[in-house]
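In mature numbering (1 follows the signal peptide of the UniProt record, and there is no 0), the protein residues as written are -41 to -1, 1 to 320.
We put the beta carbon where it would ideally sit given N, CA and C, even for glycine.
Quick notes on the structure that follows.
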Amino acid sequence: MGVMTVRAARTVARARRTRRTLLSAAVLIAATVGLAGPASASGPVLVTSGNLDISAERAVISWVDGQQHMLLQYDLQGRTESAEPAVVLIATPTAPELAIADPATMSAFVDASTPEIIEEEHWWPDLQTFRGGQDVPAWQRPEVSLAPAGNEVAPHAAGATAEQITAFYTGLGYELDELTVQALQTYTSAGWTISEITVDPGEESLDARSTPVVDLRFASPVAVAPVLLTVGGSLPMTVSTYVLGPERLDRTSMPSSAVVRFSGPVTAADDPLLTDWVAPFGGTAVMTVVDQSISQPAQITDDIYFGPSIFGPVEAGTEVVRVERIILGVPAGLVLVAGGMLVVAVAGVTISRLMQRGYRD
């Protein structure tokens, strides 16, 4: 018995659909002979070769009367040498409605809570320069966006077990690490649905690039940001949640590594793209943004849940962004000083020669 992925009706790639139709045989063969591509698995990002990992997750969450509307986007880093698409796994409490969303909508939420930027220019090297600069702010998104590939987004069949899902991807040449398999077992044993988004992994680069924004709608007893599948990741990551409600909603468990960046009203006046999102709250929603830095994803033990807060609003405030002034790959201050010294040296040599010539005359 195999796992067959339910594909979005509007776009179905024939070759990939055929592979899934033949899943019963493929899974049995792969499980028997142990076929697997030369890949290094990193959490929920599956590739047939190379390695891709999550460095950031952004989730917009609106929960009203047991129904959750969610936008989800990841930043990926790493390399892959295969022409096969990368697969990102997503877990939801119930079977979701899935679609690729307009990335401008995610930008609208980010912009509504972005602090005032103060640029701090650095012309001289310091310890931070030799450490490679500072971390990217949580609100800053990569300039490169990956394109959807093949069937884009699709849920696995209801009731699919972790073993079936693992065998399914193994049969297609993808590898899952042990921690990710354990997370799948936790989810599927609780009746959750596993979905996938397939993306073109892009060029071989270590630069971060973002996945398409996925729009998910599903029934849930509470507001939740599923993160347990990232437990198998190897990179430090940042999780940013943008939670909408009639009042401030905080994480039910707030670790010391989590910081409330913003909590305040948002309306369609901030951006027309927010109209449908704030409508369930009478046109004005309270958005609470929390950033968490996770140095070791293996320490993740549960998803993120949200509930009413006892605290008040938090303004976006300001954030200092370090701007390195570089000339030819070297801090500009050093280059300018070296250039000045060179000019002085050349001038000194020139004057000395002129003076010597004058003495001879």
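Original post:
In its own chain, which residues sit with a C-beta less than 8 angstroms from the C-beta of residue -33, not counting the 5 before and 5 after it?
Top reply: Confidence at residue -33 is low in this model, with a pLDDT of 33, below 50, so its placement is unreliable and no value can be given for it.
**OP:** Pull up the distance between the alpha-carbon of residue 117 and that of residue 17, whole angstroms please.
**Re:** Straight-line spacing of the CA atoms in residue 117 and residue 17 works out to 26 angstroms.
Original post:
Between residue 185 and residue 299, what straight-line distance do the alpha-carbon atoms span, to the nearest angstrom?
Top reply: Near 57 angstroms, if we compare the C-alpha coordinates of residue 299 and residue 185.
Subject >> Test item: CB-CB of residue 35 and residue 11 under 9 angstroms >> reply: Against a cut-off of 9 angstroms, the Cβ pair of residue 11 and residue 35 comes out as a contact.
Subject >> CB-CB length for residue 246 against residue 203, believed under 8 angstroms >> reply: The beta-carbon distance between residue 246 and residue 203, rounded to whole angstroms, is 5 angstroms. This is short enough to meet the 8 angstroms contact definition.
**OP:** Could you say which of 207, 263, 201, 209 lies nearest to residue 233 if we only look at CA atoms?
**Re:** It is 201.
**OP:** Output the distance between the C-alpha atoms of residue 7 and residue 40, rounded to the nearest integer angstrom.
**Re:** Between residue 7 and residue 40, the C-alpha separation is close to 8 angstroms.
Original post:
Roughly how many angstroms separate the alpha carbons of residue 188 and residue 69, rounded to a whole number?
Top reply: Those two C-alpha atoms are separated by around 24 angstroms.
Subject >> residue 181 - DSSP class collapsed to helix/strand/coil >> reply: When secondary structure is reduced to three states using DSSP, residue 181 falls in the coil class, being assigned neither helix nor strand.
Subject >> alpha helix (DSSP H) segments (min. 4 residues) lying fully within the stretch 25 to 64 >> reply: Within the stretch 25 to 64, no complete alpha helix (DSSP H) run reaches 4 residues.
**OP:** Please confirm if residue 34 has its CB atom under 9 angstroms from at least one CB of chain C.
**Re:** Here there is only one protein chain, and chain C is not present.
Original post:
Does the pairing of the stretch 176 to 185 with the stretch 124 to 135 give three or more beta-carbon distances under 8 angstroms?
Top reply: The stretch 176 to 185 vs the stretch 124 to 135: no contact.
**OP:** Taking 9 angstroms as the cut-off, decide whether the C-beta atoms of residue 50 and residue 151 are in contact.
**Re:** Taking C-beta atoms as the reference points, residue 50 and residue 151 count as a pair closer than 9 angstroms.
**OP:** Express the C-alpha separation of residue 236 and residue 175 in angstroms, rounding to a whole number.
**Re:** Rounded to whole angstroms, residue 175 and residue 236 show a C-alpha spacing of 13 angstroms.
**OP:** Please classify residue 221: is it buried, with 16 or more other beta-carbons within 10 angstroms of its beta-carbon, or exposed?
**Re:** Burial call: buried.
Original post:
Going by C-alpha distance, which of 3, 111, 199, 148 is nearest residue 171?
Top reply: The residue with the shortest Cα to Cα distance from residue 171 is 111.
Original post:
Who does residue 246 pair with in a DSSP beta bridge?
Top reply: DSSP, once it has assigned bridges, lists 203, 223 as partnering residue 246.
**OP:** Kindly list the residues whose CB is nearer than 8 angstroms to the CB of residue 259, restricted to its own chain and excluding five residues on each side of it in sequence; keep chain order.
**Re:** Cβ neighbours of residue 259 beyond the five flanking positions: 186, 187, 189, 190, 253.
**OP:** Pick helix, strand or coil for residue 265, following the three-state DSSP scheme.
**Re:** Three-state DSSP puts residue 265 in a strand.
Subject >> When 209, 231, 308, 262 are compared against residue 268, the one with the closest alpha-carbon >> reply: Comparing Cα positions, the closest option is 209.
Subject >> residue 236, DSSP secondary structure in three states >> reply: In the three-state DSSP reduction, residue 236 falls in the helix class (H, G or I).
Original post:
residue 142 lies in the alpha helix (DSSP H); which residues open and close that run?
Top reply: Here the alpha helix (DSSP H) through residue 142 covers 137 to 148.
**OP:** Could you spell out where the alpha helix (DSSP H) holding residue 125 opens and where it closes?
**Re:** Here the alpha helix (DSSP H) through residue 125 covers 121 to 130.
Subject >> Alpha-carbon spacing of residue 137 relative to residue 227, whole angstroms >> reply: In this structure, the straight-line span from the alpha carbon of residue 137 to that of residue 227 is close to 44 angstroms.
Original post:
Are residue 243 and residue 224 closer than 9 angstroms when you measure CB to CB?
Top reply: Contact flag set, yes.
Subject >> Outcome for residue 312 when other beta-carbon atoms lying within 10 angstroms are tallied against a minimum of 16 >> reply: Sixteen is the threshold: since fewer than 16 other Cβ atoms of the shown chains lie within 10 Å of the Cβ of residue 312, the residue is exposed.
**OP:** With DSSP as the reference, label residue -40 as helix, strand or coil.
**Re:** Caution applies to residue -40, whose pLDDT of 37 falls short of 50 and renders its modelled position unreliable; the value that the coordinates give is listed next. Residue -40: coil per DSSP, three-state reduction.
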